[in-house]
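Below is one structure; the comments refer to it alone.
There are 2 protein chains.
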Amino acid sequence: MNTMQFSTKERILGAAEMLFAQHGFAGASLRQVTSAANVNLAAVNYHFGSKENLINEVFRRRLDELNAQRLSTLRAAQAEANPRLEDILAAFIKPALALSLDRNGGGAFVRVLARAYAEHNESLRKFLSDNYGHVLKEFAAAFAALLPTLDKQELYWRLDIVSGALTYAMADFGVIKRRGAVSEQAHCELAAEHLIKFASAGLRER
Amino acid sequence: MNTMQFSTKERILGAAEMLFAQHGFAGASLRQVTSAANVNLAAVNYHFGSKENLINEVFRRRLDELNAQRLSTLRAAQAEANPRLEDILAAFIKPALALSLDRNGGGAFVRVLARAYAEHNESLRKFLSDNYGHVLKEFAAAFAALLPTLDKQELYWRLDIVSGALTYAMADFGVIKRRGAVSEQAHCELAAEHLIKFASAGLRER
DNA sequence: GCGCGTATCAAACGAACGTTTGAAGCATAA
DNA sequence: TTATGCTTCAAACGTTCGTTTGATACGCGC
C-alpha cells in the first residue's frame with residue numbers, strides 16, 4: 001500500500017514543473033528534478049520514457065483543465081441573453097490568470113507556459129496548437145459575433161495582441177510588484193480587471 | 207591585415223545571437239556557436255572570457271542603439287507643439303519593432319530578448335533594468351503629462367501591459383503569419399500601427 | 001511458503017558540456 | 001633576422017548530461 005500523499009509520478013511532475021519554470025527545459029537537469037522530487041534518477045525514464053516526454057506530460061496535466069474551464073465559462077457567457085464583450089474576455093483571461101493561484105504549483109506552470117511561447121520549438125508549438133487550436137477558434141467566433149463591423153483579419157490581429165498581453169501578465173514579467181498588503185488572490189483579480197478593461201477598449205476601437 | 211568583412215568577435219556575436227534565439231542560452235552550446243561562426247572553440251573564452259559574458263555582450267551590442275533611438279525619437283516628439291499620445295507610443299514601439307528588420311540579425315535578437323524576459327534570470331533582469339530603467343521612467347513621465355487624469359498606479363499597470371504586448375509582437379509569438387505578398391518591412395509597420403492604435407485606446411480608457 | 005510483475009535502487013554508460021593548455025601562426029618593430 | 005604580442009589551433013581537462021543496466025525490494029495471488 002502506498003500511504004504517501006503523492007505518487008512518484010506526481011512528485012516528478014511537480015518538481016519538473018517548478019524547475020522548468022526556474023531554469024528552462026534545457027537548463028533543468030533530470031538530476032535536479034529527481035533530487036527535488038526525492039526519487040531515484042532512473043525514475044524519470046522508467047515512468048516517462050524520456051525527458052522530452054516528461055515535458056509534454058507537464059503540459060498535459062494543466063492544459064486539459066484550463067482548456068475545459070475556458071470553454072465552459074465561454075459557453076456560460078454565451079448562454080446569457082446579452083453577453084458583453086467583457087464577459088467573453090473574462091472567459092478567456094480569468095481561468096488563465098487563476099491558474100497562477102492554483103494551490104499545487106500552477107504559478108510555476110504559467111511561467112513554464114511563457115517559456116514554451118518564448119521557445120519557438122516546433123514540436124511544442126504543435127502540441128499547444130493541438131490543445132488550444134479549437135478553443136481559440138471558438139473564442140474568435142464569439143468575439144466576431146459581438147464585433148460585427150470589425151474586419152476578420154483585424155480581429156485576429158487584436159486577439160493576438162490580447163494573447164500576448166495575457167501571456168505576459170500571467171508570467172508576471174512586468175515591473176509591477178505586488179504590495180505586501182495585497183494578497184495573491186487580489187493581485188490576480190486586479191490584473192484580470194485591468195487586462196479586461198484595456199483589451200475591451202482595444203477590441204472595440206474602430 | 208584582416209581582409210575579412212567580420213572579425214572573429216563579430217562572427218561569434220552574430221552566431222551566438224542566432225543560436226540563443228533558436229535554442230535558448232542553456233540550449234545553445236559553445237561548440238554550436240563557434241562552429242556556426244567558423245572559428246575555433248577556444249575563441250569564445252579567449253575573446254569573451256566565459257559563456258555568461260558572451261551572453262551579456264550579445265545584449266549590449268543591440269540595447270545601446272535601441273536605447274538611444276527610443277529616447278531621441280521621444281524627445282523629437284516632445285519638441286513638437288502638441289505631441290499626441292500616439293507619437294509617444296510610436297517612439298516606444300517603432301524602434302523596437304524596427305530592430306526586427308535590422309539587416310544583421312536584429313530579427314534574431316528580438317527573440318533573444320523575449321527569451322530573456324521569459325527567463326526570470328535575476329542577473330539578466332538587472333542587466334536589462336540597468337540599460338532600460340531610465341528610458342522607461344522618461345516614457346512614463348511623457349505619458350503622465352498627456353494623461354493628467356490617469357492615476358499613476360493605473361498608468362504603470364497599463365504601460366506594463368503595453369510592454370507585454372510589444373515583447374510578444376516583437377518575438378512574433380502569435381498565430382498571425384505574414385502573407386507571402388507582404389514584405390517584412392510592411393508587416394512590421396502594420397504590427398506597429400495595430401499595436402499603437404490598440405494601446406492608445408487602452409491607455410485613454412477612463 | 002513460492003512465483004511474478006511492478007517499482008526502486010546504486011552504478012555505470014557514452015556523449016556532450018564549458019573551460020584550459022601549450023604549441024603554432026603571423027603580423028609588426030627593432 | 002630575430003623578438004614580441006596578439007590570435008588561432010588541436011587536444012585534452014574534469015564535469016555533467018540523458019539514458020541504460022542488473023540487482024534488489026515490495027505487494028499480492030496462489
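Going line by line, the protein sequences match chains S and D. Reminder that position 134 of the first sequence reads as 134 in this note's numbering, one-by-one numbering, no gaps. Quick note: to get this note's numbering, add 206 to the position in the second sequence (first position is 1). From the three backbone atoms N, C-alpha and C, an ideal C-beta is built for every residue, glycine too.
Distance cutoff 7 Å, beta carbons only. Does residue i sit that close to anything in chain S?
| i | result |
| --- | --- |
| H413 (chain D) | No information on residue 413 (chain D) is available, as it lies outside the stretch 207 to 412 that chain D covers here. |
| E395 (chain D) | no |
| R384 (chain D) | Annotation note: pLDDT 48 at R384 (chain D) (below 50); position unreliable, coordinate value reported separately. With 7 Å as the cut-off, R384 (chain D) does not count as an interface residue toward chain S. |
| E292 (chain D) | no |
| E411 (chain D) | yes |
| A221 (chain D) | no |
| L225 (chain D) | no |
Looking at residue j and residue i, is the spacing between their C-beta atoms short of 7 Å?
| i | j | result |
| --- | --- | --- |
| K9 (chain S) | L30 (chain S) | no |
| A243 (chain D) | I218 (chain D) | yes |
| P83 (chain S) | A77 (chain S) | yes |
| R115 (chain S) | A324 (chain D) | yes |
| P95 (chain S) | L66 (chain S) | yes |
| F226 (chain D) | I161 (chain S) | no |
| A232 (chain D) | A108 (chain S) | no |
| M170 (chain S) | V110 (chain S) | yes |
| C188 (chain S) | L89 (chain S) | no |
| E205 (chain S) | A350 (chain D) | no |
| A168 (chain S) | G370 (chain D) | The residue asked about is misnamed: residue 168 (chain S) is Tyr in this sequence, not Ala. Contact: yes. |
| I402 (chain D) | E286 (chain D) | no |
| A222 (chain D) | V239 (chain D) | yes |
| I299 (chain D) | A398 (chain D) | yes |
| L101 (chain S) | R158 (chain S) | no |
Helix, strand or coil: how does DSSP classify residue i here?
| i | result |
| --- | --- |
| L353 (chain D) | coil |
| N288 (chain D) | coil |
| R384 (chain D) | Confidence at R384 (chain D) is low in this model, with a pLDDT of 48, below 50, so its placement is unreliable and the value that follows should be read with caution. Residue state, collapsed to three classes: coil. |
| L101 (chain S) | coil |
| N273 (chain D) | helix |
| E57 (chain S) | helix |
| S39 (chain S) | Correcting the residue type first, residue 39 (chain S) is Val in the shown sequence and not Ser. Three-state DSSP puts V39 (chain S) in coil, outside helix and strand. |
| R206 (chain S) | coil |
Against chain D, does residue i count as a neighbour if the rule is that its beta carbon must be under 7 Å from one of theirs?
| i | result |
| --- | --- |
| F198 (chain S) | yes |
| Y168 (chain S) | yes |
| I12 (chain S) | no |
| G174 (chain S) | Low confidence applies here, because G174 (chain S) scores a pLDDT of 45, under 50, leaving its location unreliable and the question unanswered by this model. |
| R115 (chain S) | yes |
| I161 (chain S) | yes |
| A165 (chain S) | yes |
| G202 (chain S) | yes |
| A118 (chain S) | yes |
| M1 (chain S) | At M1 (chain S), the pLDDT of 41 sits below 50, so the modelled position is not reliable and the matter cannot be decided from this model. |
First and last residue of the alpha helix (DSSP H) that includes residue i?
| i | result |
| --- | --- |
| A249 (chain D) | A249 to F254 |
| A232 (chain D) | No alpha helix (DSSP H) contains A232 (chain D), which DSSP labels as neither H nor E. |
| F212 (chain D) | Neither: F212 (chain D) is in no alpha helix (DSSP H) and is coded neither H nor E. |
| V162 (chain S) | K152 to M170 |
| R317 (chain D) | G312 to A324 |
#### Entry: Contact list for the stretch 23 to 56 of chain S against chain D, Cβ threshold 9 Å
H23, G24, F25, A26, G27 and A28
### Task
Anything in the stretch 280 to 312 of chain D with a Cβ closer than 9 Å to a Cβ of chain S? List those residues in chain order, please.
none
### Message
Short of 9 Å Cβ to Cβ, which residues in the stretch 147 to 160 of chain S face chain D?
### Response
Taking 9 Å as the cut-off between beta carbons, the residues of the stretch 147 to 160 of chain S near chain D are Q153, E154, Y156, W157, R158, L159 and D160, in sequence order.
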